[in-house]
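> Line order of the protein sequences matches chains X, C and P.
Each residue of the first sequence is one higher than the last, beginning at 159 in my numbering.
Each residue of the second sequence is one higher than the last, beginning at 17 in my numbering.
Each residue of the third sequence is one higher than the last, beginning at 1000 in my numbering.
Idealized CB from N, CA, C, for every residue including glycine.
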Amino acid sequence: MSETQTRPANTREYRNGKSRRVNVARQRKLQRLKEVAKEFAEHRAAMVALVFLLVISLIAVFAPLIAPESMLNVTKLLDVPHFAPPSWEHPFGTDHQGREIWVRMVWGARTSLVVGLAATAMSMIIGTVVGLAAGHFTGLAGGIIMRVVDFFLVLPSLILAIVLSSVLSRGVLTIVIAIGVTSWAGTARVVRSQTLSVASRTYVERAEVLGGGHWHIISKHLLPAVMPLVLANTTLTVGSAIIAESTLAFLGLGDTTQQSWGTVLKNAMDVSAATSGYWWYIMIPGIAIVMVVLACTLVGRAFESITNPMLRRN
Amino acid sequence: MSTDVIPPGKAAIAEQQDEGRESHRQSFLGYLLAKIGGAAISLVMVVILGFFAFRILPGDPVRKIAQSRPMTAEQIAQLRHQYGLDQPMLAQFWNYLTNIATGNFGESYVYGKPVSELIAQYFWPTIALTGTSAILAITLGLWMGQLAAWRSNSPYDQVATGTSLVLWSVPTFWLALLLLMIFGGTLHWFPTGGMVSTGIPTGTPEYFLNVLWHLVLPVITMVAVVYAQYLLVMRASLLEEMSADYLTTARAKGLTEDLVRRRHAVPNALLPTVTLVFMHIGGLIGGAVTVETVFSWPGLGKLTYEAISGPDTPLLQGTFVVFSAIIIVMNLFADLLYRQLDPRVRRA
Amino acid sequence: MPDLVFDNISIVYSRRSRTGTTPVKAVSNVSLTLPAGGTLGIAGESGSGKSTLAMSVLRLLPKSATITGRILYGDQDIQDLSFGQLRTVRWAEAAVVFQGAMHALNPVRTVGWQILEALELHVKERWATREARVARMKDLLAMVDLPTDKSEAYPHELSGGQKQRVMVAMALACEPDVIIADEPTTALDVIVQEQVLNVLHSLVTERGISLLMISHDLSALATICDRIAVMKDGVVREVGDAVSICTAATDPYTRKLAQAFPVIGDPASRLKPQSKPIWEVAADGGTDGLEQTNSDPHEVVLEARGVSVNFRSHGRTVHAVRSVDLTCHRAEITALVGQSGSGKTTLARTILGLQEPNAGGQVLFRGEPLKLTKRGLREYRRNVQLVFQDQFAALNPKVSVYESISEGLRIRKYDGDEYAKVCESLEACEMSPASEYLDVLPQELSGGQRQRVVIAGALAIEPSALIADEPVASLDASVRGELLGLFLALKRRMGMTALVITHDLGLAWNIADTVAVMYNGEIVERGTVEKVLLDPQHEYTKKLLHATPKIPTLA
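Listed below in structure tokens is the structure:
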């Protein structure tokens, strides 16, 4: 601590001082990360949810090892009973073509998670950029951006997603785009209000008076301030994106060549499973969706409750 | 000790407001016109989006039709001509605009009827379903939400919040299938689909009761999913309001906790809630598509599903515009309601 | 009418954290008496526990607070009351004047409704009917000099002073025996403050109501209260009658508090804010700042020529600043004094280029007109920097002191030794050794230290003038003097030119060379501090001087 009692004129000491400070900054970040992890561990339900999500992710990644793709090949399943209720032989029952529901679930997890994550990433990026712009820029530009956000906010996102996915060619990418493009407005709104509250703080005006331009203010002050909020929002959005994916698949807009939990439910409805007593055909994919989405919600809310007081303290 | 700290930018504005107080109560008419203008712009944006989504994006509507049935090149060309697709884009856009202005959404490929006629026919069942669901969900959600916040961390709060989180995570269409399976398919308490049983004369009380009976399962489905969102929103905004200074004033006056909540906290917490509740109306409408599909409820949602399966572009375009218009009108409504609730907007 | 007695009161908050609940002591072993019909003031800075003590009277503290000791109202211990009994005591026997200028009124109810609510809850014979209650509500508004049609107004339609008067009217509604006033005039301008204090004082004395008043401002307390208790860190440091607390305090902290606000006209405080020995160091530095440059010592650094600013607000034009001329000379501190709404902040923003003046007006820097282009402003702000009022918000909470100070250097791509420059600026602001502060986050600094960091950040880019907007308004009184001393030191050591915007005439007396008084967008009087403050010519200046609360003197 005493090294700067006299002013460090030569560069060696200057560098020492600088690298030491970089270390301090890194330590502080690490410390904060540890605090967040510790606080997160306090939320028991969220911890269980996180572990559950990790397990599901592993299943999705190793699907080909757990259940070889041939198990889905209808032509090889001629001797398997159709609509077999759950039993030791068929743990989750079979579908109308004799496929094991559990195999379809394992493969469906891939589509559901991939679409959920990709659509969320897209929605978060658009939402953050637009929200920052709407909060930072004033005058005509800000007004127009706000008008657009408001417009997308009230538009029925599912219907717009239906329109997009029925117009574009079928495929996983289409579903991702349809969900990503229609679900960013909520994020933009949250980011915008946070940006506005940060932008009204004096330190942003101070940066402006010091000579900082738009880029400096956005990258150095506004973005770091909204990031925790965006991250907490991300997990919540993954949940709703998974629901949206299954809904589109259920409406027959999914990629018919890929397994998805929504597709399983669509098949179930097409064979009138609800009124014919094939309860496992409906229960199993539904419960899977609810559990994954609930897990995302719990994790997201835990993050939110950790970051929120932080935002307030700031 | 807190000191009134106003950053310079705001202080300048505050100074102006200090002088300008009271003299500028915006007239109701001016507010109404501004909001109607905003809604009109949104409507125009929807209409434009409706055109470009279907024409500019890849995926020729005629080619889509051609995929589903075998056609010769001449037939395709004739179809293109019939739907005006061989004209230049700008002319198509102009036709589209003038048609929509006169209520003409084109002719459905699947039904072979004008889209506007179909929409008129399917409009009211949807309004009945979503309207009933919205009213029930809002009442239930706000009431339970404010109780949950006021008794935050009590067993009631934990149950209410926990249930809401689970319901929030349920896909609407799956809940519909589940209820259909349990109460329709297995227990036979309620019908498995449609709006009214066959052979009942329209207009009689019996008809009305029969429709209600058909309405029960779809409404329960929609209410269950949506009220959960409203509960969470109301709970959060009341919690936010709980530390407000004016509540201490109310307590110091000698009000019971019950009155502090009803007279002071809730009216303020309603303000952000109203905005969010109406913003989620879009979600409710989206839910109508799958619920109507599962319960074969003859509404715009089911029509949309059939338009997707077609694919029936004019019909899809029509339902998209009408759904969006409903939501824009609802939000206009919300703005007017908000003005009634918040004096700061009423007399800004 | 009973006495109110605090008998050995301690209040502990249990703060919940990860490691369990930790007790935080807010008030320790306080014993005070408010005799019937008497007035007692409690003075203290933030965190002294004075508000906690006041709120304990009506049991308005959050559930996490535990009170030990007795709060006697007559011979009844408030803590033994059932909730029903407590509710009848609330407002009917003891009422509170909250800091109403902030958020103590419900924003969605009219003020008349809120006063009526209190009357309905505590119906007495005199206001048993609805008509009688409405009549009384109107009487109450008239009593605090508000027109009766204000009963239909919502809080956001009233000014800070009016809201505060509504709070006073509401407190008087049910004819209480005791009124507790919690910072009743904080955030109000001196003239409004004087009005509110007068209303409060006359109503309380006329009716023989006991008054317990809480404030951070000793001089405001001294104008109303017979007795004053000084609190610090939850402990009563000294109790006594108002005059002796202000003039003959035995406790060093009380003395410091009493001396924080200067007596205008007292030579002992002229160009000498009460301060640490830094002051002497600065005095040694003498005029070397002036010698460094061989420019004319009377050079005009900043000038506003015929500046007017209009705002369009709801379709009406507001003249915030009306053809103002102002000059700031080199190495001089100019104080721009005025109430809120006088246009002083708008003028400062215009001089800084954050606000465009009307056509015809000009802001000049060293004789060169200011160009409001992006580049012109950038260049200009290398020379003219701003010090903010709210030092808590002026630093990014996530960024260390080093990064905050080097921010300006990096924006301007400073090519010298950044580290050395940062240390130099910090030390110029009397934060030494600088190295101990570099890695510190703003939240770990006190208010005064944060303001020093803000100033250091401005100094790093070597401006020739500083514009300071209420630089000490949100600092505790005991820190105020030290920070004002810094401004004087910067002027003497570096030849810094400064324009200080303030509502506080005492500040001008403490540090300024010249003063300009602003009223309704115009500068009504201007000149050297001695001339303007000791021999005011304009009515408004006289009014302002008169309204400034004074520490009573023995003489």
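Rounding to the nearest angstrom, what Cα-Cα distance links C:Asp358 and C:Ser253 in this structure?
Using only the alpha carbons, I get a separation of about 15 Å.
> Please go through the region 263–298 of chain C and give each complete alpha helix (DSSP H) segment of 4 or more residues, from N-terminal end onward.
Counting only runs of 4 or more, we get 282–295.
> When the Cα atoms are used, what is the spatial distance from X:Ile284 to X:Trp342?
Answer to the nearest angstrom: the Cα atoms are 6 Å apart.
> Does P:Gln1384 come out as helix, strand or coil in the three-state DSSP assignment?
P:Gln1384: strand per DSSP, three-state reduction.
> Using the C-alpha atoms, what's the distance from C:Leu156 back to C:Tyr243?
Taking the straight line joining both Cα atoms gives about 6 Å.
> Which residues bound the beta strand (DSSP E) around P:His1318?
First-last of the beta strand (DSSP E) with P:His1318: Arg1315 to His1328.
> Count the other C-beta atoms from every protein chain shown that fall within 10 angstroms of the C-beta of P:Asp1188, then say buried if there are 16 or more, exposed otherwise.
Classification of P:Asp1188: buried, given that the 10 Å Cβ count is 16 or more.
> Which two residues bound the contiguous beta strand (DSSP E) that contains C:Ala244?
Element bounds for C:Ala244: not the beta strand (DSSP E) but the alpha helix (DSSP H), Pro221 to Glu257.
> Which of helix, strand or coil does DSSP assign to X:Pro244?
In this structure, X:Pro244 counts as coil in the three-state DSSP scheme.
> How would you list, in chain order, the residues of chain C whose beta-carbon sits under 7 Å from the beta-carbon of X:Ile401?
Residues of chain C passing the Cβ test: Pro187.
> Exposed or buried, P:Thr1292, counting other C-beta atoms within 10 Å across all chains shown (16 or more means buried)?
Note that P:Thr1292 scores a pLDDT of 46, beneath 50, so its modelled location is shaky; the value from the coordinates is reported in the next line. By the 10 Å Cβ count, P:Thr1292 comes out exposed.
> Here's the rule: buried if 16 or more other CB atoms are within 10 angstroms of the residue's CB, otherwise exposed. What is P:Arg1311?
Result: exposed.
> What does the Cβ neighbour count give for P:Val1023, buried or exposed, with the cut at 16 atoms within 10 Å?
P:Val1023 comes out exposed.
> Residues in its own chain within less than 7 Å of P:Ile1066 by CB, not counting five upstream and five downstream?
Answer for P:Ile1066: Ile1008, Ile1010, Ser1055 and Gln1078, listed in chain order.
> With three or more beta-carbon pairs closer than 8 Å as the criterion, would you say the region 338–356 of chain C touches the region 53–62 of chain C?
With a cut-off of 8 Å, the region 53–62 of chain C and the region 338–356 of chain C count as touching, because enough Cβ pairs lie within range.
> I'd like to check one pair, P:Pro1441 with P:Val1398: are the Cβ atoms closer than 9 Å?
Cβ distance < 9 Å, so P:Val1398 and P:Pro1441 count as in contact.
> Is the CB of C:Gly270 under 9 Å away from at least one CB in chain B?
Reference to chain B is not applicable here, since the protein chains of this structure are X, C and P.
> Please report whether the beta-carbon of X:Ser418 lies at a distance below 9 Å from any beta-carbon of chain C.
With 9 Å as the cut-off, X:Ser418 does not count as an interface residue toward chain C.
> Which class does P:Glu1355 belong to by DSSP, given the choice of helix, strand or coil?
Here P:Glu1355 sits in coil by DSSP.
> On the criterion of 16 or more Cβ atoms from any shown chain inside 10 Å, does P:Thr1185 qualify as buried, or is it exposed?
It counts as buried.
> For P:Phe1260, does the three-state DSSP call read helix, strand or coil?
Of the three classes helix, strand and coil, the one that applies to P:Phe1260 here is coil, per DSSP.
> Please name the residue in P:Arg1348, P:Ile1466 and P:Ala1093 whose C-alpha comes closest to that of P:Gln1384.
Per the Cα distances, P:Ile1466.
> Let me see if you follow: with CB-CB separation under 9 Å, is C:Met160 close to chain X or not?
Chain X, which has no Cβ nearer than 9 Å to the Cβ of C:Met160, makes this no.
> Which residue's Cα is closest to the Cα of C:Gly317: C:Ala117, C:Ile143 and C:Gly122?
Closest option to C:Gly317, Cα to Cα, is C:Ile143.
> Which of the three DSSP states is assigned to P:Phe1097 in this structure?
Coil, per DSSP.
> How would you list, in chain order, the residues of chain P whose beta-carbon sits under 9 Å from the beta-carbon of C:Thr264?
The contacting residues are Met1054, Leu1059, Val1095, Phe1097 and Ala1103.
> Counting only C-beta atoms, is C:Ala240 closer than 9 Å to chain X at any point?
Chain X contact via Cβ: absent.
> For the beta strand (DSSP E) holding P:Gly1040, just list the boundary residues, first then last.
Element bounds for P:Gly1040: Thr1038 to Ala1042.
> For chain P, check one thing: does any of its Cβ atoms lie closer than 9 Å to the Cβ of X:Gly458?
It does not; no Cβ of chain P falls within 9 Å.
> Check the Cβ-Cβ distances between C:Met250 and every residue of chain X, and say whether any is below 9 Å.
By this cut-off, C:Met250 is not an interface position.
> Going by C-alpha to C-alpha distance, which of P:Asn1028, P:Leu1157 and P:Asp1074 sits closest to P:Ala1035?
Per the Cα distances, P:Asp1074.
> Would you tell me roughly how many angstroms separate the C-alpha atoms of P:Val1300 and P:Asn1382, rounded to the nearest one?
C-alpha separation (whole angstroms): 10 Å.
> Within 9 Å of any Cβ in chain X, is that where the Cβ of P:Asn1357 sits?
No, no contact with chain X.
> Among residues of its own chain, excluding the 5 on either side of C:Gly119, which ones have a beta-carbon nearer than 7 Å to its beta-carbon?
So the qualifying residues of the chain are Ser132.
> At a Cβ threshold of 9 Å, is X:Thr286 touching chain P?
With 9 Å as the cut-off, X:Thr286 does not count as an interface residue toward chain P.
> Decide yes or no for the touch test of the region 253–263 of chain C against the region 169–177 of chain C: beta carbon pairs closer than 8 Å, at least 3 of them.
At 8 Å Cβ cutoff, the stretches do not touch.
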